[in-house]
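There are 2 protein chains.
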Amino acid sequence: MQFELTKEFLEEIREMIEQNNSAYIDKRIIQLHPADIAEIIDELDADEAKFIYQHLDNDRQGEVLMELEDEVRQQFVELLNPKQLARQLENLDSDDAVDVLGELDVDRQLEVISEMDNEDAAQLVKLLNYDESSAGGLMQTEFIKAKLDWPVNRCVIELRRQAEDVEKVFTIYVVDNQDKLVGFLSLKSLLFAEKKALVKDIYQDKNMVYVTTNVEGEEVARIMDKYDLVSIPVLNLQKKLVGRITIDDIVDVIREEADKDFQMASGISESVESTASIWRMSRSRMPWLLIGMLGGILGAQVIGNFETQIGKIPALAFFIPLVAAMGGNVGVQSSAIVVQSIANGTNQFSSILSKVKKEALLGMLNGLVCSIIIFLITWLLQNVMLGLSVSIALFIVIFFAAIFGTLIPLVLNKYNIDPAVATGPFITTLNDVVGLFIYFMVGMAVFSL
Amino acid sequence: MQFELTKEFLEEIREMIEQNNSAYIDKRIIQLHPADIAEIIDELDADEAKFIYQHLDNDRQGEVLMELEDEVRQQFVELLNPKQLARQLENLDSDDAVDVLGELDVDRQLEVISEMDNEDAAQLVKLLNYDESSAGGLMQTEFIKAKLDWPVNRCVIELRRQAEDVEKVFTIYVVDNQDKLVGFLSLKSLLFAEKKALVKDIYQDKNMVYVTTNVEGEEVARIMDKYDLVSIPVLNLQKKLVGRITIDDIVDVIREEADKDFQMASGISESVESTASIWRMSRSRMPWLLIGMLGGILGAQVIGNFETQIGKIPALAFFIPLVAAMGGNVGVQSSAIVVQSIANGTNQFSSILSKVKKEALLGMLNGLVCSIIIFLITWLLQNVMLGLSVSIALFIVIFFAAIFGTLIPLVLNKYNIDPAVATGPFITTLNDVVGLFIYFMVGMAVFSL
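What follows is the structure, encoded as structure tokens:
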């Protein structure tokens, strides 16, 4: 009974929509999980999507809206008038509602907010003020709290009332009379407690983990991951409980972070979706291309200094791409490991020196293997002198590339620059230029023997 | 009151351990969260770590053990005799216990298992048979189940008994008399139900999401992410409920997957930690280096065909690194976007043709910008003929690199090869060689004008 969107099923849905077959939609689509309906809509064009959307009741419209891919949702939201959109947002959790609202321009935001009921509107306006990527921007204001002096049976009654607004209950937050967080109560302990017990007898205040609204999303992810939490309370700067963040939103943060790092390492400077406009995509890629060009021009200058040598021994030029590429490759490998161990906070205090030492040793080992292979091949294809030049140069280039690859992300990190950026442009470009210089110096030395 | 391991605190702990100061450990360390204690131990050497470990009671020893970094834990486990280790494993959740057990060699596994009580041992042996990265290998056998015909009050009593073994209760699984999963019951609905209601009156069977033991971990992550689940039931191939997977383990799967992709894109072929042995690290990096060398040698052959031209116009050689590097850069950028949209399952059915078209357009745009810049610079630094050669070649190279970068991961994916591998070696190498060929062909054409 697991849902799978096959090509055939998608074709069938499209055909039924074209035939205006409401009965089919009601029977086959409407009762699916909102995430499945969203998966279908993601693949349809605007008119087809609208046909399905109209068949959903208000509650499910909101849920499906949240599950759509960002770009698809933005197109969709534009089709709704402010009043319709306001109704949808009231049905959503506050963190989801503020995400949708945040995607609109300011005029439209005001129009939609003015159509909402006062309480919801006030809450959303407050949430809109937080930075999107901070705990305040990630939190939802729906959560369940209990007071210290409540007896268990009153607690259950109060919670039942509160729980109407809260879709998923993981932990009950225990607060004092000033709304300050003092501890936790699990549903499990509440379920198994004596009816006459008080909250203060059964709650837990040891190892209380929370974040404040200004904490960065990545840091929230690190904390929830470390302590294996499914939800975490959020306090404002006066230490009052104002919201909670649930793990599903943090999984999104982790994925986005990983995507960003991957793109950065691939030379894409701002996070873009594959559906972004061509201008935005071009802009996001231009910085690395320009750095790459700069490296290429510097490389040209370096080679230019050896023009007469190349004129005499053109075969020296044959191995330019090999030397340049290998320096880049080794540098990227070394930096990737360092960047990851920084990102994961692995052994943060183990000394920089020991890391560099290890990479240097590894550089020597890999350099030796590659040099021997290239010596034999070059000797065979060309001559022993060229073989010597290329293999000695390659060994030195790999050795230095390994050291640069390790040092650069460590230095960037020290100056609070995201070291992931180093895995791409800096290292490749630097190693290209340095590698070429080493190669021609070695070449001159060997051939002048 | 949030825990932070500062350099000063770490120094202090080390000093106190050296002084054999048990009182300090008991007062400052023992009451910390197990994850915090593990963070401290990760930074200590074996003897220091052991000193702290001995001060923990049995339960917490197990918890701390699980929170250690893999390498640190493996060292630690070797210090324990089979009996001690067996006691620790009995205290752990079954999925954690089997992870620790799986890291041992087979002889040691048998020794430890023979020291465990029969029931625990039988369970672990069963779990050991599953592939580590499958749902069976990720699941724990501790979960809570209820039968359809139980009244709510009996349910609470039964669950209280079961819950002793289950650290975190998210969902109660409802099974029939054959132990087949028929639906769910949330703690929330149980808490708020009438005492006389039956489980079958209040449980939910709509949109039942589960996995079978053979499903891959990545797929489990995709499903839990899609449906925003904090735990998912695992069925065996006879559809009987045998375990559950919780979100904290899936967060680890997502992180490992992201790390693996990042490393693969950086030319590291097997996932290695920064603490792995130098031989393993060398082996993990060699494949890309060899592919890079092959590319370099092919490049040398291409350039070799133009030896006489270089002899006449050595300046042609100056821009070899620029052309090669830019082809690689553009290819990596294009492929990164495609690899990510494959990994995230974005718009899976939108046609390949439209993706290639978009990247081709982007290639032309970026190629045009880069070509104009390089034309002006080369003209200034060298002469107009070289400027024309380099800029025309660069435009063509960027255009083709964008198309190759898009097509290669799509083709690899079609043949079920992880497309992430393409972002590194294939694309860079291919574009190096093709780029050089294009460059010299254009150069010949321009200079023979």
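If you read the sequences in order, they're chains A and B.
2 is the number of the first residue of the first sequence in the working numbering; add one for each residue after it.
2 is the number of the first residue of the second sequence in the working numbering; add one for each residue after it.
Ideal Cβ positions, reconstructed from N, Cα and C, are used throughout, including at glycine.
Predicted, not measured: the structure shown is a model, and the values here were computed from it.
So, does the CB of residue i fall closer than 7 Å to a CB anywhere in chain B?
i                : result
Met265 (chain A) : no
Asn414 (chain A) : no
Phe193 (chain A) : yes
Tyr228 (chain A) : yes
Cys371 (chain A) : yes
Ser283 (chain A) : yes
Phe319 (chain A) : yes
Ile26 (chain A)  : no
Gly300 (chain A) : yes
Arg223 (chain A) : no
Gly368 (chain A) : no
Pro315 (chain A) : yes
Express the C-alpha separation of residue j and residue i in angstroms, rounding to a whole number.
i                : j                : result
Val65 (chain A)  : Ile38 (chain A)  : 7 Å
Phe77 (chain A)  : His56 (chain A)  : 15 Å
Asp419 (chain B) : Leu413 (chain B) : 7 Å
Val73 (chain A)  : Leu411 (chain B) : 23 Å
Ile255 (chain A) : Ile248 (chain A) : 10 Å
Thr142 (chain B) : Glu49 (chain A)  : 44 Å
Asn432 (chain B) : Gln264 (chain B) : 21 Å
Ala316 (chain B) : Ile428 (chain B) : 27 Å
Lys28 (chain A)  : Val183 (chain B) : 22 Å
Lys227 (chain A) : Val221 (chain A) : 10 Å
Arg109 (chain A) : Pro83 (chain A)  : 8 Å
Leu105 (chain A) : Val99 (chain A)  : 10 Å
Glu360 (chain A) : Phe438 (chain A) : 22 Å
Ser283 (chain B) : Val434 (chain A) : 25 Å
Glu40 (chain A)  : Ile31 (chain A)  : 13 Å
Ala24 (chain B)  : Tyr54 (chain B)  : 14 Å
Ile114 (chain A) : Asp96 (chain A)  : 15 Å
Gln302 (chain A) : Pro426 (chain B) : 27 Å
Asn21 (chain B)  : Asp60 (chain B)  : 23 Å
Indicate whether residue i and residue j have their beta-carbon atoms separated by less than 7 Å.
i                : j                : result
Cys156 (chain A) : Ala164 (chain A) : no
Lys197 (chain A) : Leu149 (chain A) : no
Leu363 (chain B) : Ile279 (chain A) : yes
Gly436 (chain A) : Val385 (chain A) : no
Ala1 (chain B)   : Glu116 (chain B) : There is simply no residue 1 (chain B) to check, as chain B begins at 2 and stops at 450 in what is shown.
Met140 (chain B) : Val235 (chain B) : yes
Ala259 (chain B) : Ala403 (chain A) : no
Ala318 (chain B) : Ile311 (chain A) : yes
How about residue i: is its C-beta nearer than 7 Å to some C-beta of chain A?
i                : result
Pro420 (chain B) : no
Met386 (chain B) : no
Asp97 (chain B)  : no
Glu64 (chain B)  : no
Phe400 (chain B) : no
His56 (chain B)  : no
Ser270 (chain B) : no
Lys189 (chain B) : yes
Asp108 (chain B) : no
Leu182 (chain B) : no
Ala325 (chain B) : yes
Asn330 (chain B) : yes
Arg61 (chain B)  : no
Ala50 (chain B)  : no
Under the assumption that residue i contacts residue j (Cβ atoms under 8 Å), give the Cβ distance between them as a whole number of angstroms.
i                : j                : result
Ser134 (chain A) : Gly218 (chain A) : 5 Å
Glu68 (chain A)  : Ala36 (chain A)  : 5 Å
Leu1 (chain B)   : Asn367 (chain A) : Shown here, chain B extends from 2 to 450; a query on residue 1 (chain B) therefore has no answer.
Gln334 (chain A) : Ser270 (chain B) : Actually they are not in contact, since the Cβ atoms of Gln334 (chain A) and Ser270 (chain B) sit about 10 Å apart, beyond 8 Å.
Gly296 (chain B) : Thr430 (chain B) : 3 Å
Leu33 (chain A)  : Phe4 (chain A)   : 6 Å
Val153 (chain B) : Leu191 (chain B) : 7 Å
Ile246 (chain B) : Ala136 (chain B) : 6 Å
Leu102 (chain A) : Leu80 (chain A)  : No, Leu102 (chain A) and Leu80 (chain A) are not in contact; Cβ-Cβ is about 16 Å, not under 8 Å.
Lys189 (chain A) : Val170 (chain B) : 5 Å
message = For the region 322 to 330 of chain A against the region 12 to 29 of chain B, do three or more pairs of beta-carbon atoms, one drawn from each stretch, fall closer than 8 Å, so that the two count as touching?
response = Remark: fewer than three beta-carbon pairs, one from each stretch, lie closer than 8 Å, so the region 322 to 330 of chain A and the region 12 to 29 of chain B are not flagged as touching.
task = Report yes or no: do the region 195 to 212 of chain B and the region 232 to 239 of chain A share at least 3 C-beta pairs separated by less than 8 Å?
result = These segments do not touch.
request  = Take every Cβ of the region 375 to 384 of chain B, pair it with every Cβ of the region 296 to 311 of chain B, and state whether three or more of those distances are shorter than 8 Å.
outcome  = With a cut-off of 8 Å, the region 296 to 311 of chain B and the region 375 to 384 of chain B do not count as touching, because too few Cβ pairs lie within range.
inquiry  = Assess contact between the region 382 to 394 of chain A and the region 315 to 324 of chain A, defined as three or more Cβ pairs (one per stretch) separated by less than 8 Å. Is contact present?
reply    = Here the region 382 to 394 of chain A makes contact with the region 315 to 324 of chain A; the two share three or more CB pairs at distances below 8 Å.
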